[in-house]
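Chemist: In terms of my numbering, the sequence shown opens at residue 23 and continues consecutively.
The beta carbon of each residue, even a glycine, is placed where N, CA and C say it ideally should be.
What follows is a single structure, and I will ask about it in a moment.
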Amino acid sequence: MERRIERALDHEEGALDAILGAKIDSVGSETGATGGGQAAPAHGDVEAAGSGQAAGPVHPDASPHASGPDIIGPARIAMGNLDRASLLAAIIGGAAFLALAWLSLLIARPETHISPVWLPNACAAAFLLRAQLRNEVPFLLATFAAGLAANALVQLPDHIALVFALANVVEIIAVLVLTRWVVRGQSDMNQLPDLARFVWAGGLVGPALSALITVPVMGSGLDAILRGATSWFLTNSMAMVLIVPTALLLFDRVKGRRTATPAHPAESLALLIGGMVCTFLVFRQIYYPLMFLIQPITLMHAFRLGSLGSALHVGAVAVVAGAMTWAGLGPIAAAGGTGGMTELHLLQAFIAANFLTGLPVAAILAGRDRMTAALEAGKRQIDLLTDNITDAILRYDMDGVCTYASPSVSAVMGVPPETFVGNPVTARLHPDARDRTMQALGRLLGGISETERVTYRRFYDSPDDTAVFLEANCAVVRNPQTGAREGVVVAARDVTERVELELLLTRARHHAENAAQAKSAFLANMSHEIRTPMNGVLGFAELMLQGDLADDQRRFAELIVQSGRSMMTLLNDVLDLSKIESGQFTIDRAPVNLHDSLAECAALHRLAAENKGLTLDFAWAADEEPDQGGTAAQLPWIMTDGLRLRQIVLNLIGNAVKFTETGHIQINCTVTPNDVQVIVTDSGIGISPDRLEAIFHPFTQGEADTARRFGGTGLGLSISRHLATLLGGRIEVESRPGEGSRFTLILPATLVQPPTRDEPVEPVKPADLPIATRILLVEDHDINRLLMTEMLERCGQDVAVAHDGNEAIAMVIDSIMRGRPYDLVLMDVQMPDCDGYAATRAIRGEGIGPGLLPIIALTANAFPEDITAARAAGMQGHLAKPVAFAQLARTLQRWLPTRIVESGQPAATTTPAARASLLARSPQLITRWQARRSEAADAVRAGLTDGLFTQPASNPCTRRDQIAALAHKLAGTAALFDEPELGQCAAALERALKRGEGAARCEALAQDLLALADGVNSADTQRAGGSSN
């Protein structure tokens, strides 16, 4: 029965573990012992007098109701500080021992001087097991002295009295030590293991040990020794097993450490009195051996009164049976005949049998009650949790059938628990969740996994017809004994709000990704749209500078170039910042000559510093300077991105020049084994300490009026810090207002060997430049075609023009077939119908390789991925718009059969006077622009008349797309002819048409464009009429 209760406890705890994922602390289960103490029939000798009583310590694991004494050594005898309580207990204990010894002698029969039990040792041991004295040695000495005194009262010889007193003390110590050693904590006679261990220690070992000590004084013959030692053992053993358990149980009941029996006090009293009466009636007659009637009564006491009631009953039976037997009545007296030893042995055997019938059974029943109470407590805990937990708890067997559903199912699932019990899991699954849930259940039941988590849609939606989502934590339930799978327990909860939030987050992520893609596309388009007109501005300005200009005209042209380059710098900064923030910025590491790079940066800003009256010095912390005999191999080369390093240093030096009115600018560089430090120090306006971090934020400068006084966008330092981080370093700043600033760029010192370089080739002189090398220019924008043609012709080249990719493919193949191939192709990338990438791939597909025909990309998008895409398509180089004359010359020098270089003097075939008209906006260029403007205006006007802008685009090849393409070309060129408002309006119309904005918006933009175009046309007509007059 105990095992079944234990299994039930384990089963309940296992279920709770599976439900909650954590074990609930519960009352420890009891394990019944199979062995029991054996009490031999006792035989007492009146000569064996003297015993002691000592207060004993508790085990270190004892109950926390009282602080335990100091247990010293393996003997487990309290030997702590000697206090008043220990001395008082020793005095009272010695007196009590003497009194109990005298009482034991009184109950002996006069004719035999035999006592059935020896009380002093048992009472002393019981007291010591509960008294918790700090020092038990005085008590043991007092019992020894009391034993000597008791033996003297019966006039025993001194040596016998000494041995008997010593034997009693040894017995008490042995019982204490063994009981404390084998029992964890205070011994509990309600527990069968503790009772059995005490019977072994107090009923067998202790009395046997003391009996062995008395052997030398028991007599001279073997028969006398055996008879005396046996009498000693039985007498003391009987006292131990009768008195100590009863005393411990009574003490625990008085202290409230044990629960009361289920019987009412009146019932308990009636049972005890009835038991004594029955015993009296059995022992009152001598004719029938009716002692077997006592055992059922003892069992009834064990079932109804528990261990304490059973112990009291056994003691009462022993008292009544002994008294009646001593009086010569009862079955034992009748069977003994002449009395003496035989009667005593039978009496002791009867008492021992009655003890073994009562107390072990009572202990087993107490253990059962404890386990039952633990089971009920565990069940109450489970019921409390399942009744109040917010999760729905369900259990399914190995067939997937629900065997339990908690009350919380109603709130979570929307239906009563009875709806699930007895039904398979598939009966209440939403179609959207069926496959996922059954797969998880299959993995659990099939042994593939131990736990699963499934989020699914509930079978029933909410009352307002919105979907309800549940999250189920599933775990395998195992048999606590065999470990076999018994089913699955599920804890489900409502996670509708979380799922809705996750859906919102998913949508937000998609929106963010789309926004990032739109931002990238916008950056690419903005780069193209700005670089395309700037190509014309800077290109024509540079061409103007190469002509014969008056001083004022030259100064104006130089200002145009300077302003254009400033705008391109701003554009590059904005694009760089956007690329960095979007994580699309790439670092190209290569060996970099640190000294030359920094010296070049300093040289680029030295002229601007000198123009402001500043001194700009560059100090190198190496042992040798290049002009002092140091070679390139001796100067440090580091592995980094040289372009980005120069960008950072140029920005730091540029800021120093810009914000310094008087004084100096110092650039220092030190190289250590760990890092490279580039320090830029100035004597400028300085920065407030509370603004040192803000200056690294985009569009932020040191003070509020700094931008008005010195200009700038506030992007440089932000980009520089990001670039330094990408290079593995950082930027530090120290500054005070009016005392200047100190910026330190710290980068990792990854030193490398300088790369091997080819011997420099002397540039070809202008007289050696090739004349009329065949170049194919592929460009769809007419103004850019005109500009590039002019620049190429100034380089002495013969230029052929293709308007799109298809025409370029045909012209290249035709030139190969005629045996007059082109020497170079300049290919615009973004063109309608067939772009530059497709055209290049088609040309390479015809077997025309780079060795026969190099192709250079022309594009307004200057991102690294654009260069990579151009090379992947089969192009050999890249020219970013706006194309500078120097860049074009270097490209031609690199790829044409004969190298050319940019020269300060025009080529021999170039006549400056012949080009002056073009530089001043030649009539041919103006006429072509006016035609392009009129073409776009007519197309927009026709679209308004036909209601085109109110019709959605059905396919890519619509009139809307054609108008958008015309507006695109108009937007990129209008600013070159002093018509920026028209260009802005055309750009806005293009964006509106491509984005599919509303009809009202498109019509308004179209009308604005027509108004601007018509106004400009009228002005042109008036100017033409005035000039004709």
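Can you tell me which residues form a DSSP beta bridge with Gln-688?
Modeler: In the sequence shown, residue 688 corresponds to position 666, counting from 1. For Gln-688, which the question treats as bridged, DSSP gives the partners Asp-639 and Thr-703.
Chemist: I'd like the span of the alpha helix (DSSP H) that includes Leu-737, first residue to last.
Modeler: In the sequence shown, the residue the question calls residue 737 occupies position 715. First-last for Leu-737: undefined, no H or E at that position.
Chemist: Which two residues bound the contiguous beta strand (DSSP E) that contains Ser-757?
Modeler: Here residue 757 is taken as the residue at index 735 of the sequence shown, counted from 1. Where Ser-757 is concerned, the enclosing beta strand (DSSP E) stretches over 752-758.
Chemist: Between Gly-899 and Leu-848, what straight-line distance do the alpha-carbon atoms span, to the nearest angstrom?
Modeler: As a first step, residue 899 is located in the sequence shown; it is residue number 877 there, counting from the start. As a first step, residue 848 is located in the sequence shown; it is residue number 826 there, counting from the start. Rounded to whole angstroms, Gly-899 to Leu-848 spans 9 Å at the Cα level.
Chemist: Does the segment 983-990 come close enough to the segment 1019-1026 that 3 or more CB-CB pairs lie under 8 Å?
Modeler: Cβ pair count under 8 Å is below three, so no.
Chemist: When you compare only the Cα positions, how much space is there between Leu-264 and Met-211?
Modeler: The sequence position of residue 264 within the sequence shown is 242, counting from 1. The sequence position of residue 211 within the sequence shown is 189, counting from 1. C-alpha separation (whole angstroms): 12 Å.
Chemist: What does a CB cutoff of less than 8 Å around Arg-587 pick up in its chain, not counting 5 residues either side in sequence?
Modeler: As a working mapping, residue 587 is identified with position 565 in the sequence shown. Once the five neighbours on either side are set aside, the close Cβ partners of Arg-587 are Leu-560.
Chemist: Distance, Cα to Cα, Phe-302 vs Leu-128?
Modeler: Indexing the sequence shown from 1 puts residue 302 at position 280. Indexing the sequence shown from 1 puts residue 128 at position 106. The alpha-carbon atoms of Phe-302 and Leu-128 are separated by roughly 21 Å.
Chemist: From Gln-575 to Gly-664, what distance separates their C-alpha atoms?
Modeler: In the sequence shown, the residue the question calls residue 575 occupies position 553. In the sequence shown, the residue the question calls residue 664 occupies position 642. Cα-Cα distance, rounded: 37 Å.
Chemist: If you follow the alpha helix (DSSP H) that His-452 is in, where does it begin and where does it stop?
Modeler: On the sequence shown, residue 452 is found 430 positions in, with the first residue counted as 1. Counting along the chain, His-452 falls outside any alpha helix (DSSP H), and DSSP gives it neither H nor E.
Chemist: Classify Ala-449: buried if its beta carbon has 16 or more other beta carbons within 10 angstroms, exposed otherwise.
Modeler: Position 427 of the sequence shown holds residue 449. By the 10 Å Cβ count, Ala-449 comes out exposed.
Chemist: Below 6 Å CB to CB, which residues in the same chain sit around Ala-427 once its five sequence neighbours on both sides are set aside?
Modeler: Residue 427 sits at position 405 when you count from the first residue of the sequence shown. Within the same chain, Ala-427 has close Cβ partners Leu-416, Pro-439, Phe-442 and Val-443.
Chemist: Answer with buried or exposed for Gln-1054, where buried requires no fewer than 16 other C-beta atoms within 10 angstroms of its C-beta.
Modeler: With the chain covering only 23 through 1051, there is no way to say anything about residue 1054.
Chemist: Smallest Cα separation from Pro-353: which of Leu-327, Tyr-310, Pro-382 and Gly-328?
Modeler: For this step, residue 353 is matched to residue 331 along the sequence shown. For Pro-353, the nearest C-alpha among the options comes from Tyr-310.
Chemist: Report yes or no: do three or more beta-carbon pairs, one from the segment 709-716 and one from the segment 620-630, lie closer than 8 Å?
Modeler: Result no; under three Cβ-Cβ pairs closer than 8 Å.
Chemist: Does the pairing of the segment 99-115 with the segment 153-160 give three or more beta-carbon distances under 8 Å?
Modeler: Contact holds: three or more Cβ-Cβ distances are below 8 Å.
Chemist: Is there a Cβ from chain D that is less than 8 Å from the Cβ of Trp-203?
Modeler: Looking at the structure shown, chain D is missing, and only one protein chain is on hand.
Chemist: Among the residues of its own chain, which have a CB less than 6 Å from the CB of Val-266, if the five just before and after it don't count?
Modeler: To locate residue 266, count along the sequence shown from 1; it is residue 244. Excluding sequence neighbours, Val-266 sits near Ala-144, Ala-147, Ala-148 and Gly-224.
Chemist: Are the beta-carbon atoms of Pro-854 and Asp-826 separated by less than 8 Å?
Modeler: Within the sequence shown, the letter at position 832 stands for residue 854. Within the sequence shown, the letter at position 804 stands for residue 826. Yes, these two residues count as a Cβ contact at 8 Å.
Chemist: Can you tell me whether His-719 is buried or exposed, with buried defined as 16 or more other CB within 10 angstroms of its CB?
Modeler: For this step, residue 719 is matched to residue 697 along the sequence shown. Answer is exposed; the Cβ neighbour count stays below 16.
Chemist: When the Cα atoms are used, what is the spatial distance from Gly-858 to Gln-852?
Modeler: Translated into the one-based positions of the sequence shown, residue 858 becomes position 836. Translated into the one-based positions of the sequence shown, residue 852 becomes position 830. Roughly 6 Å separates the two Cα atoms.
Chemist: Rounded to the nearest angstrom, what separates Asn-633 and Asn-677 at their Cα positions?
Modeler: Taking the sequence shown and counting its residues from 1, one reaches residue 633 at position 611. Taking the sequence shown and counting its residues from 1, one reaches residue 677 at position 655. Their backbone Cα atoms lie some 15 Å apart in a straight line.
Chemist: Among all the DSSP beta bridges, which residues are the ones paired with Cys-424?
Modeler: Position 402 of the sequence shown holds residue 424. Cys-424 pairs with Tyr-418.
Chemist: Just curious, the beta strand (DSSP E) that Tyr-478 is in, first and last residue?
Modeler: Mapped onto the sequence shown, residue 478 falls at position 456. Per DSSP, Tyr-478 belongs to the beta strand (DSSP E) from 473-479.
Chemist: In the DSSP assignment, find the unbroken beta strand (DSSP E) run with Asp-516 in it and report its ends.
Modeler: Along the sequence shown, read from residue 1 onward, the residue named residue 516 stands at position 494. Per DSSP, Asp-516 belongs to the beta strand (DSSP E) from 507-516.
Chemist: Provide the residue(s) that pair with Glu-493 in DSSP beta bridges, ordered along the chain.
Modeler: Indexing the sequence shown from 1 puts residue 493 at position 471. The partner list for Glu-493 (beta bridge, DSSP) reads Thr-477 and Arg-515.
Chemist: For Ala-953, which of Gln-213, Asp-1036 and Gln-688 has the nearest alpha-carbon?
Modeler: Position 931 of the sequence shown holds residue 953. Selected option, being the one with the closest Cα: Asp-1036.
Chemist: Can you say whether Gly-841 is buried or exposed, counting buried as having 16 or more other CB atoms within 10 angstroms of its CB?
Modeler: For the purposes of this step, residue 841 is taken as the residue at position 819 of the sequence shown. Answer is exposed; the Cβ neighbour count stays below 16.
Chemist: For the beta strand (DSSP E) containing Thr-766, name the first residue and the last one.
Modeler: By 1-based counting over the sequence shown, the position of residue 766 is 744. From DSSP, the beta strand (DSSP E) with Thr-766 extends over 762-770.
Chemist: Enumerate in chain order the residues of its own chain whose CB-to-CB distance from Ile-838 is below 7 Å, with the five nearest sequence positions on each side excluded.
Modeler: Locating residue 838 in the sequence shown gives position 816, where the first residue counts as 1. So the qualifying residues of the chain are Ile-870.
Chemist: Look at Gly-706 and Ser-763 and say whether their C-beta atoms are less than 8 Å apart.
Modeler: Translated into positions along the sequence shown, residue 706 becomes position 684. Translated into positions along the sequence shown, residue 763 becomes position 741. Cβ distance < 8 Å, so Gly-706 and Ser-763 count as in contact.
Chemist: Considering only DSSP beta bridges, list what His-900 is partnered with.
Modeler: Reading the sequence shown from its first residue, position 878 is the one you call residue 900. Ala-879.
Chemist: The alpha helix (DSSP H) that contains Gly-853, what's its start and end?
Modeler: In the sequence shown, the residue the question calls residue 853 occupies position 831. Rather than Gly, the amino acid found at residue 853 in this sequence is Met. Element bounds for Met-853: n/a, residue is neither H nor E.
Chemist: Just to confirm the assignment, what range does the beta strand (DSSP E) spanning Gln-661 have?
Modeler: Locating residue 661 in the sequence shown gives position 639, counting from the first residue. Note that residue 661 corresponds to Met in the displayed sequence, not to Gln. Here the beta strand (DSSP E) through Met-661 covers 659-662.
Chemist: How would you write the range of the beta strand (DSSP E) that Asn-615 sits in, first residue to last?
Modeler: On the sequence shown, residue 615 is found 593 positions in, with the first residue counted as 1. Where Asn-615 is concerned, the enclosing beta strand (DSSP E) stretches over 612-615.
Chemist: Measuring alpha carbon to alpha carbon, tell me which of Pro-179, Gly-896 and Ala-338 ends up nearest Ile-295.
Modeler: Stepping through the sequence shown from its first residue, residue 295 is reached at position 273. The option with the nearest alpha carbon to Ile-295 is Ala-338.
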